[in-house]
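Comments concern the structure below.
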Amino acid sequence: MSADDQIFAARRRAQGYALVVAFVFLIIGVLGFVPGLTSNYSTILRAGTDSHAYLLGFFQVSLVHNAVHLAFGVAGVFAARRLLWSRAYLAGGGSLYLGLAVYGMLIDHHSAANILPVNNADNWLHVTLGVVMLLLAVDPRGGQRPLLPGKRPPRSRWHRVRRPREP
């Protein structure tokens, strides 16, 4: 096993979850800028409902929407460095995306309030992302088992060192 494999095997599940979610958002953000995968790419705007660009033909996107996905992905890569940050990223991001779904369901999709262009497909995607991220954040095994099989890190420093008894 190489040194990189050992480092990755020692990561806790929550950190792995955060890293996977971050890469998903990075991929979504990049794909939003690809003309072949984004229909009506020539109509993409900075923000608002006048953007008629659709990622994969379903999800309405804009430059700001894509930039938000990229920024959220970069934040997740940094959050995956620590267990507490990973859980906060997953819980906070899940709550944020559920809030965005509620926002998208409450506003008129053709009004000026639709700053990040969302449609029904976006709303259901945001619900799914929010629920999955919250479930990953509260996974009771998230802080215990490595994401990949390998040697487990010790639970605490007391398990590694045997202290001699004093007479």
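Going by my numbering, the residue at position 65 of the sequence shown is 65; the numbering climbs one at a time, nothing skipped.
Glycine included, C-beta positions come from ideal geometry on N, C-alpha and C.
Contact set for ARG81: own chain, Cβ-Cβ below 8 Å, skip 5 residues either direction: Counting from 1 along the sequence shown, the entry for residue 81 is found at position 81. Taken in chain order, the residues that qualify are GLN15.
Nearest to ILE107 (by Cα), restricted to the options LEU96, ASN119 and TYR97: Position 107 of the sequence shown, counted from the start, is the residue given in the question as residue 107. Answer by Cα proximity: ASN119.
Coarse secondary structure for PHE59, derived from DSSP in three states: To locate residue 59, count along the sequence shown from 1; it is residue 59. Residue state, collapsed to three classes: strand.
Alpha-carbon spacing of PHE25 relative to GLU166, whole angstroms: Numbered from 1 along the sequence shown, position 25 holds the residue referred to as residue 25. Numbered from 1 along the sequence shown, position 166 holds the residue referred to as residue 166. Cα to Cα, PHE25 sits roughly 56 Å from GLU166.
Local conformation of ALA53 per DSSP, three classes: Here residue 53 refers to the residue found at position 53 of the sequence shown. Strand at ALA53.
Residue of GLY32, PHE23 and ALA137 minimising C-alpha distance to TRP85: Indexing the sequence shown from 1 puts residue 85 at position 85. Comparing Cα-Cα distances from TRP85 to each of GLY32, PHE23 and ALA137, the minimum goes to ALA137.
PHE78 versus MET105: straight-line alpha-carbon distance, rounded: As a first step, residue 78 is located in the sequence shown; it is residue number 78 there, counting from the start. As a first step, residue 105 is located in the sequence shown; it is residue number 105 there, counting from the start. Rounded to whole angstroms, the separation of the alpha carbons of MET105 and PHE78 is 31 Å.
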